[in-house]
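**Q** Let me begin by handing over the structure; questions about it come next.
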Amino acid sequence: MEGVIELRKNALVFVPDIDPSTCILLPKSANFLRGDRAINQSNTITLVHRVPGTTVAVVESPTSLFFPTYDSSLPHITNKLSVGDRVQVKLGSHGSVTIESVWPRDPRTDVSWLQTTVQHIPVRPVPPVKQGLPLYTRSDIVDHTDLGTFTIDPTSSVDFDDAISVDLSRQTVYVHIVDIAHADLTETEEAKLRSQCLTLYLANEGTEHLLDLETASDRLSLVQGKPRQVVTVAMKVAHGLIESYEIYRSIIIVKRRYTYDEVTDLLTSGGAGPALLLLNDLTHHRSAQINYNLTLPSIRFTMDQSSGLPISLKAEATNDDAHSLVATAMIMANLVISQHLAKANIKLPNRFHDTLRGIPIQEPVTGNPVVDSFVLVKKFARAKYSVDEKGHFGLGLTDYVHFTSPMRRYADVLVHRLLAGVQYDNLETEVEAMNRQSTAMRGYQTLYQKCKLAWWVQDMNGPYEVFCTDVKAVGIQWFLPALSLNGFTHVSALEPKQRWSWKDGSLTGPSGTTVRLGSILEGTVMKVDPVTLAITLQLVA
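If you use the numbering used here, the sequence shown corresponds to residues 679 to 1219, in order.
Structure (structure tokens):
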């Protein structure tokens, strides 16, 4: 019988198609990667098909490679390479593994390792399409250059694909998005959209844009003072709800560029104008309807570009009022587009986020909002794109598509083209490939963060405040907010060294020390694995 190889609790398992509940645990020596198709014949599991492509790996030993985005290893003769060397690898559909490029383990090679790999992702065939009637609510192109349009983005941004206007007299919020469906893209850019699927941000060391740099940062970007073609979602609001909407093409000129810090200062000081205040009111109205609030900051590094080493680390809040009011405007636009296209009875690449994994939402358990958010997020199902399933539990919505970032996500490009009347013969195949590549790109983004964090903690080893997020008889799960780092520590490694007893969800030692959910421990970095980049902490209760 055939099935798929999955990674569950850091172990590979074979999951048969006919009965997924009867999975088979594979030995560590199994020559598989997550996502492989395999067959079980007489209790012997062999490879049927591996998705071919380009990926990254690290030399684990003279006879094996570790694949960080798969969290698995494969055999490969690497006698001439050193442990920790980074490689670009070509995977064959029948199991072949070919090393194409090699970089030494050095902070200066982190960027080239990832960028070169992304640039060599194989180009997928162009999907067959037909042109139908556009699905905008009006056919003309509206001149909106008179509106007081503004953008709100990070200070370092150059690829502005969304802007906002507010007409207070009409109580209308306008969300303007780059009109990617009518953009004149090169053949290379079209291929990159499908092969890469997401923009890769590498701090101040570089950005691997979804489009060419000139297109993303200038030709299409909604830069201040230049007329740009956009798709506008105009929403008339009352009491925090959308009363009516229109969707159409327009021309805008951005009059003001804000950074998130500037908007935060304006809202805090009382200097925000009526447009920002209206958006802020909409945000608080929506927040009151969500029965939980996530407070997980993003870790932002600044690198020394000559050495590649991080020189600063900042935990940047993404749930403050400035970020939230932009997110609310974009969520409203995405929701309108989703429901509008659903009425046309066409297939959509829905952003699907299932409910919590059978676990009820808990009240805060530690009193630290960042840690409590982490505990909650670990129980979430992973969001994906789906043609057959819809609904976004995390946002509390029954319909949702991504529309507002077409220069950063291929999913948004698909939605723009559907709105423009493009009909895909097999959208399911396109969405399946997009999910697979988006997962890989997010893996590269995470890997870059892990590389830089590994260099950072060599000099900044602590001590750090560490929170216990789960307790078992064998050890504890923990979260380190300052580094957005989590892991597991076996009970035998807990300090002070003693015979710990587990009872009622707590570990208690003869000295009277108790570790339970929410306990605060002191953590010091002891070592960093040069292959997996796993960081080992000494934890003192």
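Idealized CB from N, CA, C, for every residue including glycine.
As the structure is a prediction and not an experimental result, all values here were calculated from the model.
#1: How should Ile1015 be labelled, buried or exposed, when 16 other C-beta atoms within 10 angstroms of its C-beta is the threshold for buried?
#2: Within the chosen definition, does the segment 842 to 854 reach the segment 795 to 806 through at least 3 CB pairs nearer than 8 Å?
#3: Thinking C-alpha only, which one of Ser1162, Lys992, Asn1012 and Ile930 is nearest His822?
#4: Of the residues Ser817, Arg783 and Gly681, which one's Cα is nearest the Cα of Gly1099?
#5: In three-state DSSP terms, what is Ile1037?
#6: Three or more C-beta pairs under 8 Å: does that hold for the segment 1154 to 1172 against the segment 1105 to 1121?
#7: Is Gly949 buried or exposed, if buried means 16 or more other CB atoms sit within 10 Å of its CB?
#8: Tell me Glu1173's beta-bridge partners as DSSP assigns them.
#9: From what residue to what residue does the alpha helix (DSSP H) around Thr1192 run?
#10: Looking at the structure shown, is Asn969 part of a helix, part of a strand, or coil, going by DSSP?
#11: Once DSSP output is grouped into helix, strand and coil, what is the label at Glu924?
#12: Can you tell me the Cα-Cα spacing of Ser976 and Gln1127, whole angstroms?
#13: Between which two residues does the beta strand (DSSP E) harbouring Asn718 extend?
#14: Can the beta-carbon of Leu987 be found less than 8 Å from the beta-carbon of Trp1133?
#15: Put Arg686 into one of helix, strand or coil per three-state DSSP.
#16: Go ahead and label Gln1136 buried or exposed: buried means 16 or more other beta carbons lie within 10 angstroms of its beta carbon, across all protein chains shown.
#17: Whose CA, out of Leu813, Ser1197 and Gly773, lies closest to the CA of His1094?
#18: Please determine, among Gly773, Ile858 and Asp763, the residue with the shortest C-alpha to C-alpha distance to Leu1097.
#19: Hey, how far is the Cα of Ile717 from the Cα of Leu703?
#20: Between the alpha carbons of Thr1210 and Asp788, how many angstroms are there, rounded?
#21: Would you call Arg1114 buried or exposed, if buried means 16 or more other Cβ atoms sit within 10 Å of its Cβ?
#22: What is the DSSP secondary structure of Cys701, reduced to helix, strand or coil?
#23: Less than 8 Å between the beta carbons of Leu888 and Gln874, yes or no?
#24: Less than 8 Å between the C-beta atoms of Thr1167 and Leu1131, yes or no?
#25: Looking at the structure shown, is Gln1101 part of a helix, part of a strand, or coil, going by DSSP?
#26: Which residue or residues does DSSP assign as beta-bridge partners of Leu880?
#27: Looking at the unbroken beta strand (DSSP E) that takes in Tyr1063, where does it start and where does it end?
#28: CB-CB under 6 Å to Thr1186, same chain, minus the five flanking residues each way: which ones, in chain order?
#29: Considering only residues of the segment 816 to 874, which uninterrupted alpha helix (DSSP H) runs meet the minimum length of 4 residues and lie entirely inside it, listed in chain order?
#30: Is DSSP giving Gln983 helix, strand or coil here?
#31: Does the beta-carbon distance from Gln849 to Lys914 come in below 8 Å?
#32: Roughly how many angstroms separate the alpha carbons of Thr1147 and Asp1207, rounded to a whole number?
#33: By the 10 Å Cβ neighbour count, where 16 or more other Cβ atoms means buried, how is His1080 classified, buried or exposed?
#34: Using the three-state DSSP reduction, which class does Val1149 fall into: helix, strand or coil?
#35: In this structure, how does DSSP classify Gln766 when only helix, strand and coil are distinguished?
#36: Should Ile755 be labelled buried (16 or more other beta-carbon atoms within 10 Å of its own) or exposed?
**A** Taking the geometry as given:
#1: Label assigned to Ile1015: buried.
#2: no
#3: Ile930
#4: Ser817
#5: Residue placement at Ile1037 cannot be trusted, given a pLDDT of 49 that sits under 50; the coordinates are not used to answer.
#6: no
#7: Residue burial is scored here from C-beta neighbours: Gly949 has fewer than 16 other C-beta atoms within 10 angstroms and is therefore classed as exposed.
#8: Val1218
#9: Run containing Thr1192: none in the alpha helix (DSSP H); it sits in the beta strand (DSSP E), Thr1192 to Arg1194.
#10: With a pLDDT of only 48 at Asn969, under the threshold of 50, the placement of this residue in the model should not be trusted; the figure read from the coordinates follows. Asn969 falls in the coil class under three-state DSSP.
#11: If DSSP states are grouped into helix, strand and coil, Glu924 belongs with the strands.
#12: Taking the straight line joining both Cα atoms gives about 11 Å.
#13: Arg715 to Gln719
#14: For Leu987 and Trp1133, yes; Cβs fall inside 8 Å.
#15: Strand.
#16: exposed
#17: In terms of Cα proximity to His1094, the closest of Leu813, Ser1197 and Gly773 is Leu813.
#18: Ranking the options by Cα distance to Leu1097, first place goes to Ile858.
#19: 14 Å
#20: 14 Å
#21: exposed
#22: coil
#23: yes
#24: Going by C-beta atoms, Thr1167 is not nearer than 8 Å to Leu1131.
#25: strand
#26: Paired residues: Gly884.
#27: Lys1062 to Ser1064
#28: Excluding residues within five positions, the ones whose Cβ falls inside 6 Å are Ser1179 and Thr1192.
#29: 865 to 874
#30: coil
#31: Lys914 sits close to Gln849, with the two beta carbons spaced by under 8 Å.
#32: 23 Å
#33: buried
#34: strand
#35: strand
#36: exposed
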